[in-house]
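In this note's numbering, the protein residues as written are 195 to 336.
Glycine included, C-beta positions come from ideal geometry on N, C-alpha and C.
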Amino acid sequence: MDWKKHSRTGMKAAGAMGAINLVIVGFMMLVGYDTTPLDPSGVEIPVPVFAIATVIGGGVVPGLIGTVVWTKIDERWEEKSRLIFALLALILATFMTLPFTNPRVPTGDAYVLTAVLHYTTAILGGWFIPSFANAPKIVRAR
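This is how it looks when you write it as structure tokens:
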């Protein structure tokens, strides 16, 4: 496994996913879903901290881990690997979103906000990671 290539692919996907998720957070807050989830002490997370957590939790972590998972899936199931990877991402998003599988899931507007972010991260990861991993190399003449 070429870790240098995979880390570059993961960071490209992470940057794209984090940026798009940040735009989605901004849009949802403009629309009225401006209640952020509670931290473990029971206090609402400040918006700048939630934005940073969105970039890390909705971009960097899934981008890097997803690239390794994608590589393993693509090695084993070449033809069906995109479908399997997308389904795995959606299943993980569902487990993170449902109240009976995640006891710390927020309520009210914060639930809608986090559910949208979980599913957009899954959809974007299922799209960007395989695309960036299989992008053809551009050869430039000197």
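DSSP three-state call for residue i: helix, strand or coil?
| i | result |
| --- | --- |
| GLU272 | coil |
| PHE294 | coil |
| PRO256 | helix |
| TRP321 | helix |
| GLY204 | helix |
| VAL299 | coil |
| PHE326 | helix |
| LYS331 | Caution applies to LYS331, whose pLDDT of 47 falls short of 50 and renders its modelled position unreliable; the model cannot decide the point. |
| GLY209 | helix |
| GLY226 | coil |
Can you find the residues in the same chain that come closer than 6 Å, C-beta to C-beta, to residue i, ignoring five residues on each side of it along the sequence?
| i | result |
| --- | --- |
| VAL306 | TYR227 |
Starting from residue i, trace the alpha helix (DSSP H) both ways and give me its first and last residue.
| i | result |
| --- | --- |
| VAL237 | Unbroken run through VAL237: none, as it is neither H nor E. |
For residue i, I'd like the list of residues in its chain whose CB is within less than 7 Å of its CB, leaving aside the five on either flank, ordered along the chain.
| i | result |
| --- | --- |
| VAL310 | ILE218, MET222 |
| PRO300 | PRO231, LEU232, THR308 |
| VAL262 | HIS200 |
| PHE326 | THR203, LYS206, ALA207 |
| ALA304 | THR229, THR230, PRO231 |
Between residue i and the rest of its own chain, which residues show a CB-CB distance below 8 Å, the 5 nearest in sequence each way excluded?
| i | result |
| --- | --- |
| ILE267 | SER275, ILE278, PHE279, LEU282 |
| ASN337 | With the chain covering only 195 through 336, there is no way to say anything about residue 337. |
| VAL333 | Residue placement at VAL333 is flagged as unreliable, the pLDDT there being 45, under the threshold of 50; a coordinate-derived value is accordingly withheld. |
| PRO240 | THR230 |
Just to check my reading of the structure: residue i and residue j have Cβ atoms closer than 8 Å, yes? What is that Cβ distance to the nearest angstrom?
| i | j | result |
| --- | --- | --- |
| MET205 | GLY257 | 7 Å |
| GLY302 | THR229 | 6 Å |
| LEU216 | ALA245 | 6 Å |
Meets three-Cβ-pair contact criterion under 8 Å: the segment 245-264 and the segment 205-213:
yes
Is it the case that the segment 282-295 contacts the segment 316-327, given that we only count it when at least three CB pairs across the two stretches are under 8 Å?
yes
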